[in-house]
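J.: Residue numbers (the numbering used here), protein chains in the order written: chain A, 1 to 110; chain B, 1 to 116.
Glycine included, each C-beta is placed from N, C-alpha and C at the ideal position.
Just so we're clear, the structure is a prediction, and the values are computed from it rather than from any experiment.
Submitted below is the structure of interest, expressed as structure tokens.
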């Protein structure tokens with residue numbers, strides 16, 4: 001079932017601006033939250049992940065924050081570049097499976 | 001070091017037929033998960049194999065079955081194909097971390113299945 005909600009479905013930003021994508025999950029037992037980037041016709045690529053014992057993680061221009069109380073987590077991309085244009089998926093581990101959001105199509109305009 | 005590989009790349013079948021898709025995990029990985037990704041949607045978890053057994057299963061009918069071999073490679077079988085089974089089928093491998101815990105998954109390039 002779709003127990004991971006992702007917003008927005010599309011996002012357009014100017015090169016150099018920041019982009020934020022938000023996801024919510026429903027099971028308090030979820031403990032692993034990866035983010036994937038998928039370019040057209042290619043496989044999803046893991047870009048960053050976070051576990052439930054951490055509130056924030058950063059890797060260069062990409063950061064993820066997790067609010068366990070509110071059951072939501074967010075992806076932050078700073079200083080966006082045209083090559084950041086892709087579909088981004090969040091995911092959350094559930095007791096019996098891994099569930100993905102519906103995706104956010106990010107377009108970075110030069 | 002080869003990453004996750006899948007075969008075939010593309011496949012066209014007709015309704016009612018059966019199909020087998022194959023996946024070889026990344027070197028050092030022992031866990032294989034299968035996903036179905038319909039056009040414009042996120043991947044949907046089908047099932048996961050570890051130690052040659054199905055360990056977890058998503059909300060898919062019994063027409064979807066799988067197998068894992070001693071070398072950790074895996075197969076996905078779909079019987080009695082329906083038009084709605086047309087999708088990209090992704091395999092992802094990871095290393096076992098413990099019950100209820102997850103490690104990062106690496107995806108294969110996928111098999112594009114078209115059912116006519």
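Secondary structure at residue 84 of chain A, three-state DSSP: helix, strand or coil?
T.: If DSSP states are grouped into helix, strand and coil, residue 84 of chain A belongs with the helices.
J.: Report back the beta-carbon spacing between residue 12 of chain B and residue 114 of chain B to the nearest angstrom; my notes put them in contact at under 8 Å.
T.: 5 Å
J.: Give me the Cα-Cα distance between residue 83 of chain B and residue 45 of chain B, rounded to the nearest whole angstrom.
T.: 19 Å
J.: Apart from the five residues on each side of it in sequence, which residues of its chain come closer than 7 Å, Cβ to Cβ, to residue 95 of chain B?
T.: 28, 29, 30, 31 and 103
J.: If we cut at 8 Å on Cβ distances, does residue 99 of chain A have a partner in chain B?
T.: For residue 99 of chain A, a Cβ of chain B is located within less than 8 Å of the residue's own Cβ.
J.: What does residue 73 of chain A reach in chain B if we use C-beta pairs closer than 8 Å?
T.: What residue 73 of chain A touches in chain B: nothing, since even the nearest Cβ is about 14 Å away.
J.: Quick check on the DSSP output: the beta strand (DSSP E) that includes residue 2 of chain B runs from which residue to which?
T.: Counting along the chain, residue 2 of chain B falls outside any beta strand (DSSP E), and DSSP gives it neither H nor E.
J.: Spatial neighbours of residue 21 of chain A within its chain, please: CB distance less than 6 Å, with the 5 preceding and 5 following residues excluded, ordered by chain position.
T.: 75, 88 and 104
J.: Taking the Cβ atom as the reference point for each residue, do residue 33 of chain B and residue 87 of chain B lie within a distance shorter than 8 Å?
T.: It is not a contact, given that the beta carbons lie outside the stated cut-off.
J.: May I have a chain-ordered list of the beta strand (DSSP E) segments no shorter than 3 residues that lie completely inside the segment 41-113 of chain B?
T.: 44-50, 53-57, 64-68, 74-78 and 87-94
J.: Using beta-carbon positions only, say whether residue 18 of chain A and residue 78 of chain A come within less than 8 Å of one another.
T.: In this structure, the beta-carbon distance from residue 18 of chain A to residue 78 of chain A falls below 8 Å.
J.: Per DSSP, residue 67 of chain A forms a beta bridge with which residues?
T.: A:72
J.: Are the beta-carbon atoms belonging to residue 15 of chain A and residue 81 of chain A less than 8 Å from one another?
T.: yes
J.: For the beta strand (DSSP E) that residue 18 of chain B lies in, which residues bound it at each end?
T.: Annotation for residue 18 of chain B: no beta strand (DSSP E) segment contains it, and DSSP assigns it neither H nor E.
J.: Three-state secondary structure (DSSP) at residue 54 of chain A?
T.: In the structure shown, residue 54 of chain A falls within a coil segment according to DSSP collapsed to helix, strand and coil.
J.: Using a Cβ distance threshold of 8 Å, determine whether the segment 9-23 of chain B contacts the segment 62-77 of chain B, with at least three qualifying pairs required.
T.: Because the criterion of three Cβ pairs below 8 Å is met, the segment 9-23 of chain B and the segment 62-77 of chain B touch.
J.: Using beta-carbon positions only, say whether residue 6 of chain A and residue 23 of chain A come within less than 8 Å of one another.
T.: yes
J.: For residue 25 of chain B, which of B:85, B:72, B:55 and B:66 has the nearest alpha-carbon?
T.: B:72
J.: Return the chain-ordered list of same chain residues with a C-beta closer than 7 Å to the C-beta of residue 68 of chain B, the five sequence neighbours on each side being excluded.
T.: 32, 49, 52 and 74
J.: Since residue 34 of chain A is in the beta strand (DSSP E), which residue starts that stretch and which ends it?
T.: 32-38 is the span of the beta strand (DSSP E), which, as asked, contains residue 34 of chain A.
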